[in-house]
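> Counting from 109, one number per residue, gives the positions in the sequence shown under this note's numbering.
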Amino acid sequence: MRRKKTLSKFYRDEILFIRHKNNPLLTADLWPYPVNTVFNPAAAEINGETLLLARVENKFGVSHLTTAKSRNGISGWRIDKSPSIFPEPQERPEEELGIEDPRITYIKELNLWAITYTAYSLDGPLVSLATTKDFKTFKKRGPILRQIDKDAALFPKRIGKRWAIIHRPYLNPSAPAHIWISFSPDLKHWGDSQIIMRARKGNAWDGEKIGICPEPLETPEGWLILYHGVRKTCSSHIYRIGLALLDLEKPWKVVRRSKDWIMTPIAPYEMLGDVGNVIFPCGWIHDKKSGIVRLYYGGADTCIALATAKMSDILDYVRKCPSQ
Ligand code: BMA
């Protein structure tokens, strides 16, 4: 492994993604207004800058989404003085308990950014969609999947004639939860749903439930997806991440899936916080010039951190993962 001595401490899980020495990049005390925690950000590149859409939890316990921008994606963050997307329970009862965990997909055909996020209703989580052309004004399009569901990310282009989304419904709260795919002719009506990846059983790192992290990335090898896997322990849960590759034309077919996790909570800011032992990425940016993938994630439901890897190393790794 090539690693400069000047970087931060080496963590035993750093086979691919290396944590940035400035971690955590963003915390509640940097926010321009009083908040409890900032975490699980989606990411986009806009006008040559990195934009994060962070989940921000207020001191009551309800979350909204706020943008932060930086020229290099590491430092010099300019955080919006007020929330970008906030719950509006009067008009949208599904947002009563807040909005959480966004994922951003740029849809070239429509020349807009699509943001899928969890709308927390009194009866559980739903997947809602908002769109924007500039991250200044947002159009909320309401819940798009009808059942209790979360961890959804859209593909950036049609698969055949239809749009596709990866998501994680809760069909049985006492059974493991799996990753599904659904299709739509218009981004509004979704169907043809099927399970594409199951939580593994028992003590596996991804034995309890799994969900997609950021949006799928198109690569020559297939759709690259990062997913979080949850293991239930006697005292709590551990949120780790793994990789999978989906067939380019038939993304309901998993071609490769990592057997082991590729990153586990091990840094202090991932182990200690409001919910310890959690890494939860919702955004990544592939810089095609340098070949580097910047992964933005929440640490312990408390802060925002960055880890980087070379796309060529990620593809080398996933190519060697077991075929499915
Ligand atoms: C999940 C989501 C995430 C959170 C994680 C760990 O179910 O709610 O937002 O980071 O739990 O608490």
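All C-beta atoms in this analysis are idealised placements derived from N, C-alpha and C, irrespective of residue type, glycine included. Nothing here was measured: the structure is a model prediction, and the numbers come from that model.
1. Going residue by residue through the stretch 252-311, where are the continuous alpha helix (DSSP H) segments of at least 4 residues, counting only ones entirely within it?
2. Would you mind sorting H297 into buried or exposed? The rule is 16 or more other CB atoms within 10 Å of its CB.
3. Comparing alpha-carbon positions, which option in D121, P132, I207, I123 lies nearest A408?
4. How many angstroms separate the CA atom of R127 from the CA atom of I273?
5. Mind checking who C342 pairs with in its DSSP beta bridge?
6. DSSP has A152 in a bridge; who is on the other side?
7. I need the DSSP call for M109, collapsed to helix, strand or coil.
8. For S366, tell me which candidate among Y405, G350, S236 has the shortest Cα-Cα distance.
9. Would you call the stretch 174-182 and the stretch 225-235 touching, i.e. three or more CB-CB distances under 8 Å?
10. List in chain order the residues whose CB is within less than 6 Å of at least one heavy atom of the ligand BMA.
11. Quick check on the DSSP output: the alpha helix (DSSP H) that includes L325 runs from which residue to which?
12. By Cβ distance, which residues of its chain are closer than 7 Å to E153, with the 5 residues on each side in sequence left out?
13. If you follow the alpha helix (DSSP H) that L423 is in, where does it begin and where does it stop?
14. Alpha carbon to alpha carbon, what distance is there between V362 and L161?
15. Cα separation between R339 and D314?
16. In this structure, does DSSP put K177 in helix, strand or coil?
17. Would you grab the beta carbon distance between A151 and I223 for me? Rounded to a whole angstrom, and I think it's under 8 Å.
18. Leaving out five residues on either side along the sequence, give the residues of the same chain with a beta carbon under 8 Å from the beta carbon of P376.
19. Distance, Cα to Cα, K317 vs H345?
20. DSSP three-state label for D137, please.
21. Counting along the chain, where does the beta strand (DSSP E) carrying P376 start and finish?
If we stick to the structure as given:
1. none
2. Numbered from 1 along the sequence shown, position 189 holds the residue referred to as residue 297. The residue in question, H297, is exposed, as its Cβ has fewer than 16 Cβ neighbours within 10 Å.
3. For the purposes of this step, residue 408 is taken as the residue at position 300 of the sequence shown. Answer by Cα proximity: P132.
4. Working through the sequence shown from its first residue, we reach residue 127 at position 19. Working through the sequence shown from its first residue, we reach residue 273 at position 165. Approximately 29 Å between the Cα atoms of the pair.
5. Locating residue 342 in the sequence shown gives position 234, where the first residue counts as 1. According to DSSP, which records beta bridges pairwise, C342 is partnered with nothing at all.
6. Within the sequence shown, the letter at position 44 stands for residue 152. DSSP lists L159 as partners of A152.
7. For the purposes of this step, residue 109 is taken as the residue at position 1 of the sequence shown. Because the pLDDT of M109 is 49, which lies under 50, any placement of that residue in the model is unreliable, and the question is left without a value.
8. The residue you call residue 366 lines up with position 258 of the sequence shown. It is G350.
9. no
10. N148, E208, D209, Y347, V383, V386, F388, G406, D409
11. As a position in the sequence shown, residue 325 is number 217, starting the count at 1. It is not in any alpha helix (DSSP H) - L325 instead sits in the beta strand (DSSP E) that spans 325-327.
12. Along the sequence shown, read from residue 1 onward, the residue named residue 153 stands at position 45. So the qualifying residues of the chain are I393.
13. For the purposes of this step, residue 423 is identified with residue 315 of the sequence shown, where counting begins at 1. Here the alpha helix (DSSP H) through L423 covers 419-427.
14. Counting from one through the sequence shown, the residue named residue 161 turns up at place 53. Counting from one through the sequence shown, the residue named residue 362 turns up at place 254. In a straight line, the C-alpha of L161 is about 29 Å away from that of V362.
15. What you label residue 339 is simply residue 231 of the sequence shown in a count that begins at 1. What you label residue 314 is simply residue 206 of the sequence shown in a count that begins at 1. R339 and D314: Cα-Cα distance of roughly 6 Å.
16. Locating residue 177 in the sequence shown gives position 69, counting from the first residue. If DSSP states are grouped into helix, strand and coil, K177 belongs with the strands.
17. Residue numbering aside, residue 151 sits at position 43 when the sequence shown is read from its first letter. Residue numbering aside, residue 223 sits at position 115 when the sequence shown is read from its first letter. Not really, about 11 Å apart at Cβ, beyond 8 Å.
18. Working through the sequence shown from its first residue, we reach residue 376 at position 268. So the list is empty, once near-sequence residues are dropped.
19. Within the sequence shown, residue 317 is the residue found at index 209, counting from 1. Within the sequence shown, residue 345 is the residue found at index 237, counting from 1. Approximately 10 Å, taken between the alpha carbons.
20. Here residue 137 corresponds to residue number 29 of the sequence shown, with the count starting at 1. Helix, per DSSP.
21. Counting from one through the sequence shown, the residue named residue 376 turns up at place 268. No beta strand (DSSP E) contains P376, which is instead part of the alpha helix (DSSP H) from 376-379.
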